[in-house]
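Visitor: Residue numbers (the numbering used here), protein chains in the order written: chain D, 81 to 176; chain U, 276 to 769; chain R, 8 to 498.
We treat Cβ as the ideally placed atom computed from N, Cα and C, and that holds for glycine.
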């Protein structure tokens, strides 16, 4: 169906926000092609008029009432953060 | 109406579509129980769900569903009894989950229409393609620290309705009118407070240009416009930029841009190499959203009279001009003020509604709006209430004061907030309708002006105005003009 | 005195109730066992102080007469479950130092019933693996050895099965996405149970693939599994996919009576290249159930061979999105690049924080969801998934339960399959179909192979009919008479 080349691996890595060194792209392309080539056997299955599974359980989405029941726990929210200042999460500066 | 950008090589027209992000009026967030109030301290309205802690799961707020359905019904849209929440995957500092829960393929609301009033009885229908529910992101602050961007997740997970128009808009004015109308509808039904300055309503504008008769050009999206003025200006500026670019031999690239109101320009927001691929797929943490006809009908039953229907009623039942009715219904707060004013006036004056409707409308749109405008105030903080306005108008109706005096009374009311009756009493502005008193004054004036009397009787009919003026002057304007006219003529003619 | 660590939960429950032992004694014996278990690398965090505190509370509760089946029972917790103030990293480097400010619903249910936490258990990183070789904390060893050769415990719940098989916990929480409870149970001679999707709350379980993840217990008997499952299960409003239906009395289902019950034998589970011993064990299992009065029915689940490829599209797709939150901003590891931007931080953090298998799955998932490939891969897989679910639905109109082998092999040596992802994925060939369909299933220890390694049989049931799975499992357990124990080489 498709063949993943080095450039495609680089693109997927970028979308996934995972830094992959250049020399790793080629081997990774091989691995991913192996897996994709294998899953492509699904093409054999006739799925005409089959609806994709929406949920494995046959129940309706439950709704919550509109009440404030949470929040007010800034310390808990920030506690595990690698860097926070003045009640904010701090990350390397974003230039817009 | 078309809007033409005149280029060096010919004329271009513009094609515009809008995405309005309207914060749903709800106490808690779309998928968590945190509060949504504006202006809280950073990260104090954040739950562990909003902060995307491992293993945290979304649960949907029923009120947000109901408000989206009401909004759809208010624009006559198709309501989808089954819709699906999808994940829109991308990385950003203020997007803690690494995805936004939104609706992509199957939105809760399908096609509808918003009708714009473009003046002089001209209307234009703008198609709404869809309305879907989605989470808002948090807020990044880039200017607080030299090395860091600060992130506040208070807004993270707040429910938004994204209202997506068809590319039916052809002028900056239509775009402004569309945003105004949508905001008006949202405020009428109470599904969003429409406060653009607090970020509870923002617009993304898609702009393209083309020469007449050509297919749509490539569009650019201008993000996050937080005022109607900016919507209009950004379209003008962006259309001009695209025309200049095309005429210089360039090509418009589909991209996201930011409007800089200070510099009056738009600029590219994301670099091209970072082409987005959001990898939408149904959120496996949430089942499809389903409801029945009874739910829709219950939502419909809570809809108030909407601006278009109200305007028709004002024209047909109250005899207002189309223009005046349009002005009154444009903002819910104004329409509400008018209806309270009119009801109070009918009660106070015991007159029939149709007979006083226009007077009330004229006072509101003329006197009160004029004064508010001058004072830089809105109807929400008017010093003269609808009840006070009705009292003032009732005093004219029962002949206590004249229309001219009424304006003087109103000025005092506006300044002091006092009631009409009090002002009239304090300033002694009560109109004189006592025929005996007025007759005596008339007799004195006729006696004091024999020349004018002779001229009048010699055929100069217009001098009656002179005599009326003298009577009013002598009574300090308080004489009832009707009574003066009635008494004066027979005496002059005698 | 008897070795307290060899007791089954049911036995300990009775002895605690009778006052023969105290929860403190039982807990202390287990704390010692845990300390003597380091060679297997099953525990990655030990919580003896918490355990003793809970044990004392349990003793008080037993005295007060308000004990439940799990009161005073020392268990291990898979590192996938968020435990308040205690190491929780799903065995990933990217969650370095993470201590949640909250407790998962399943573990909270256990603590509410008086269970005792011995520590956090090793697992494949983010539950991605079938041999427990992908953990950031290193591989877990199986107490069962092939002669003198170490074997893998299976995965992803490797620490859970290893600790229970090696008497370093009476039971352990595990989780099953494509077989992560049943396959390792088979490898270690333990009982593993995965309930119907929606029976247990996923709240506070680190997500791998949301539409598949489901909690379940590892124990040394079917009855113990029923007792522990009883505590773990239940509706939770905090998880929209948790279903609001009553939890039956699982232990009461263990009547031993399966007369007249119809047991399906799916022809598609006879796999080429499967060891003869496994085929033979399956036939034994069929005979045992027949002897117990069940009717054996040959059935077909025609889309079985497509279950693994379907799973390896759906699970990575969901994982690629679920793992988007690990970005170095809110918790865990942060790797910055000198003078780098925010995207540089993301890329460096995720490159350093995720292991190879996790990266591979994130990238597969990203690819199958990307523009132009969504329909061909993800949508197609969800359609095939529906067909797989339909296969089971049709089969369960004819039968009450299904019997199959749990895994196509016994435990294997370290490194044997870790270089070949596809060979590794095949481990789950018999467990994945029921995961895709959300059905309950178990693995019951049923025999040993020629090397003396345990083998399990899998029982599958209808949605919400865990009782039948427990009932059939108990009959198999009884008939198999599996009493083998691993030779204790680690202390």
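Considering only residues of the same chain and omitting the five flanking positions on each side of residue 319 of chain U, which have a CB-CB separation below 8 Å?
Guide: For this step, residue 319 of chain U is matched to residue 44 along the second chain. For residue 319 of chain U, where only same-chain residues beyond five positions count, the Cβ hits under 8 Å are 429.
Visitor: Identify, in the order they occur along the chain, each residue of the same chain with its Cβ nearer than 6 Å to the Cβ of residue 615 of chain U, setting aside the five sequence neighbours on each side.
Guide: In the second chain, the residue the question calls residue 615 of chain U occupies position 340. The residues are 661.
Visitor: Taking the alpha carbon of residue 536 of chain U as the reference point, which residue from U:288, U:374, U:509 and U:365 has its own alpha carbon closest?
Guide: Residue numbering aside, residue 536 of chain U sits at position 261 when the second chain is read from its first letter. When only C-alpha atoms are compared, the closest one is U:509.
Visitor: Would you list, in chain order, the members of the segment 100-123 of chain D that have their beta-carbon closer than 9 Å to a beta-carbon of chain R?
Guide: Listed by position along the chain: 100, 101, 108, 111, 112, 114, 115, 116, 118, 119, 120, 121, 122 and 123.
Visitor: Taking the CB atoms as reference points, tell me whether residue 216 of chain R and residue 182 of chain R lie closer together than 8 Å.
Guide: For the purposes of this step, residue 216 of chain R is taken as the residue at position 209 of the third chain. For the purposes of this step, residue 182 of chain R is taken as the residue at position 175 of the third chain. No, Cβ-Cβ distance for residue 216 of chain R and residue 182 of chain R is not below 8 Å.
Visitor: In terms of alpha-carbon separation, which member of R:415, R:270, R:304 and R:99 lies closest to residue 338 of chain R?
Guide: In the third chain, counting from the first residue as 1, residue 338 of chain R sits at position 331. Nearest option by C-alpha distance: R:99.
Visitor: Hey, would you say residue 136 of chain D sits closer than 8 Å to residue 204 of chain R, going by beta carbons?
Guide: Locating residue 136 of chain D in the first chain gives position 56, where the first residue counts as 1. Locating residue 204 of chain R in the third chain gives position 197, where the first residue counts as 1. Their beta carbons are under 8 Å apart, which means residue 136 of chain D touches residue 204 of chain R by this criterion.
Visitor: Using 8 Å as the Cβ pair cut-off and three pairs as the minimum, do the segment 303-310 of chain R and the segment 269-277 of chain R touch?
Guide: Yes: at least three Cβ pairs fall under 8 Å.
Visitor: Give, in chain order, every unbroken run of the beta strand (DSSP E) that is at least 3 residues long and sits entirely within the segment 447-502 of chain U.
Guide: DSSP runs (the beta strand (DSSP E)) wholly in the segment 447-502 of chain U: 476-486 and 495-500.
Visitor: Strictly below 7 Å CB to CB, what residues from chain R border residue 364 of chain U?
Guide: If you number the second chain from 1, residue 364 of chain U lands on position 89. Going along chain R in sequence order, the residues near residue 364 of chain U (Cβ under 7 Å) are 328 and 331.
Visitor: What did DSSP end up calling residue 308 of chain R once you bin it into helix, strand or coil?
Guide: The residue you call residue 308 of chain R lines up with position 301 of the third chain. Looking at residue 308 of chain R - three-state DSSP - the assignment turns out to be coil, as it is neither helix nor strand.
Visitor: In terms of residue numbering, what span does the alpha helix (DSSP H) encompassing residue 181 of chain R cover?
Guide: Position 174 of the third chain holds residue 181 of chain R. Element bounds for residue 181 of chain R: not the alpha helix (DSSP H) but the beta strand (DSSP E), 178-183.
Visitor: Per DSSP, what kind of secondary structure is residue 425 of chain U in: helix, strand or coil?
Guide: Translated into positions along the second chain, residue 425 of chain U becomes position 150. Strand at residue 425 of chain U.
Visitor: Does residue 170 of chain D come out as helix, strand or coil in the three-state DSSP assignment?
Guide: Within the first chain, numbered from 1, the residue matching residue 170 of chain D stands at position 90. Three-state DSSP puts residue 170 of chain D in a strand.
Visitor: For residue 345 of chain U, go through chain R and note every residue whose CB falls closer than 8 Å to its CB, in chain order.
Guide: Mapped onto the second chain, residue 345 of chain U falls at position 70. Here the premise fails: no neighbours, minimum Cβ distance about 23 Å.
Visitor: Between the beta-carbon of residue 78 of chain R and the beta-carbon of residue 420 of chain R, is there less than 8 Å?
Guide: Reading the third chain from its first residue, position 71 is the one you call residue 78 of chain R. Reading the third chain from its first residue, position 413 is the one you call residue 420 of chain R. Against a cut-off of 8 Å, the Cβ pair of residue 420 of chain R and residue 78 of chain R comes out as no contact.
Visitor: Pop quiz: residue 142 of chain R and residue 129 of chain R are said to be a contact at Cβ under 8 Å. What is the actual Cβ separation, rounded to whole angstroms?
Guide: Position 135 of the third chain, counting from 1, holds the residue named residue 142 of chain R. Position 122 of the third chain, counting from 1, holds the residue named residue 129 of chain R. Residue 142 of chain R to residue 129 of chain R, Cβ: 5 Å. Contact.
Visitor: Leaving out the 5 sequence neighbours to the left and right, which residues in its chain are closer than 8 Å to residue 547 of chain U when beta-carbon positions are compared?
Guide: As a first step, residue 547 of chain U must be located in the second chain, where it is residue number 272. A caution first: residue 547 of chain U carries a pLDDT of 46, below 50, which makes its placement in the model unreliable, though a value can still be read off. Contacts found: 528 and 530.
Visitor: Please look up how many angstroms separate the CB atoms of residue 336 of chain U and residue 309 of chain U, rounded, as I've assumed it's under 8 Å.
Guide: Your numbering for residue 336 of chain U matches position 61 in the second chain. Your numbering for residue 309 of chain U matches position 34 in the second chain. Incorrect: roughly 11 Å between the Cβ atoms, too far for contact.
Visitor: Can you tell which of D:97, D:89, D:84 and D:85 has the C-alpha that lies nearest to the C-alpha of residue 327 of chain R?
Guide: Along the third chain, one-based indexing puts residue 327 of chain R at 320. With distances taken between Cα atoms, residue 327 of chain R lies closest to D:97.
Visitor: Residues bridged to residue 364 of chain U by DSSP?
Guide: As a working note, residue 364 of chain U is residue 89 in the second chain. For residue 364 of chain U, which the question treats as bridged, DSSP gives the partners U:374.
Visitor: Could you work out which residue in R:486, R:483 and R:477 is closest to residue 200 of chain R when comparing CA atoms only?
Guide: Here residue 200 of chain R refers to the residue found at position 193 when the third chain is read from its first residue. Taking only the C-alpha atoms, the option nearest residue 200 of chain R is R:477.
Visitor: Start and end of the beta strand (DSSP E) containing residue 654 of chain U?
Guide: Start at 1 with the first residue of the second chain, and residue 654 of chain U comes out as number 379. Note, residue 654 of chain U: premise wrong, no beta strand (DSSP E); not H, not E.
Visitor: State yes or no: is the beta carbon of residue 149 of chain D nearer than 8 Å to at least one beta carbon in chain R?
Guide: Translated into positions along the first chain, residue 149 of chain D becomes position 69. Answer no: the Cβ-Cβ gap between residue 149 of chain D and chain R never drops below 8 Å.
Visitor: Below 9 Å on C-beta distance, what does residue 124 of chain R contact in chain U?
Guide: In the third chain, counting from the first residue as 1, residue 124 of chain R sits at position 117. The premise fails here: residue 124 of chain R is roughly 17 Å from chain U at the closest Cβ pair, so nothing lies under 9 Å.
Visitor: What residues in its chain sit with their C-beta under 7 Å from that of residue 184 of chain R, if we drop five residues either side in the sequence?
Guide: Here residue 184 of chain R refers to the residue found at position 177 when the third chain is read from its first residue. Only 134, 215, 216, 219, 220, 322 and 442 meet the Cβ criterion.
Visitor: Out of R:44, R:428, R:144 and R:458, which one is the CA nearest neighbour of residue 367 of chain R?
Guide: On the third chain, position 360 is the one that residue 367 of chain R refers to. Of R:44, R:428, R:144 and R:458, the residue nearest in Cα terms is R:428.
Visitor: Name the one or two DSSP bridge partners that residue 212 of chain R has.
Guide: Translated into the one-based positions of the third chain, residue 212 of chain R becomes position 205. The partner list for residue 212 of chain R (beta bridge, DSSP) reads R:88.
Visitor: Applying the 10 Å Cβ sphere with the 16-neighbour rule, what's the burial state of residue 325 of chain R?
Guide: Residue mapping note: residue 325 of chain R aligns to position 318 of the third chain, counting from 1. When all chains shown are included, residue 325 of chain R counts as buried.
Visitor: Mind checking the segment 364-390 of chain U against chain R and listing, in chain order, the residues whose C-beta falls within less than 7 Å of any C-beta there?
Guide: Cβ contacts with chain R: 364, 366, 368, 371, 372, 373 and 374.
Visitor: Roughly how many whole angstroms lie between the Cα atoms of residue 158 of chain D and residue 605 of chain U?
Guide: Locating residue 158 of chain D in the first chain gives position 78, counting from the first residue. Locating residue 605 of chain U in the second chain gives position 330, counting from the first residue. Rounded to whole angstroms, residue 158 of chain D to residue 605 of chain U spans 45 Å at the Cα level.
Visitor: Beta-carbon separation of residue 299 of chain U and residue 339 of chain U under 8 Å?
Guide: As a first step, residue 299 of chain U must be located in the second chain, where it is residue number 24. As a first step, residue 339 of chain U must be located in the second chain, where it is residue number 64. Against a cut-off of 8 Å, the Cβ pair of residue 339 of chain U and residue 299 of chain U comes out as a contact.
Visitor: Looking at the C-beta of residue 316 of chain R, does it have a partner C-beta in chain D at a distance below 8 Å?
Guide: Reading the third chain from its first residue, position 309 is the one you call residue 316 of chain R. Chain D contact via Cβ: present.
Visitor: Roughly how many angstroms separate the alpha carbons of residue 117 of chain D and residue 552 of chain U, rounded to a whole number?
Guide: Taking the first chain and counting its residues from 1, the one referred to as residue 117 of chain D is at position 37. Taking the second chain and counting its residues from 1, the one referred to as residue 552 of chain U is at position 277. So the alpha carbons of these two residues sit roughly 23 Å apart.
Visitor: Please name the residues in the segment 560-581 of chain U whose beta-carbon is closer than 8 Å to at least one beta-carbon of chain D, in chain order.
Guide: So the close ones are 561, 562, 563, 564 and 565.
Visitor: If the cut is a Cβ gap below 8 Å, which residues of chain R does residue 327 of chain U touch?
Guide: Residue mapping note: residue 327 of chain U aligns to position 52 of the second chain, counting from 1. The contacting residues are 332 and 337.
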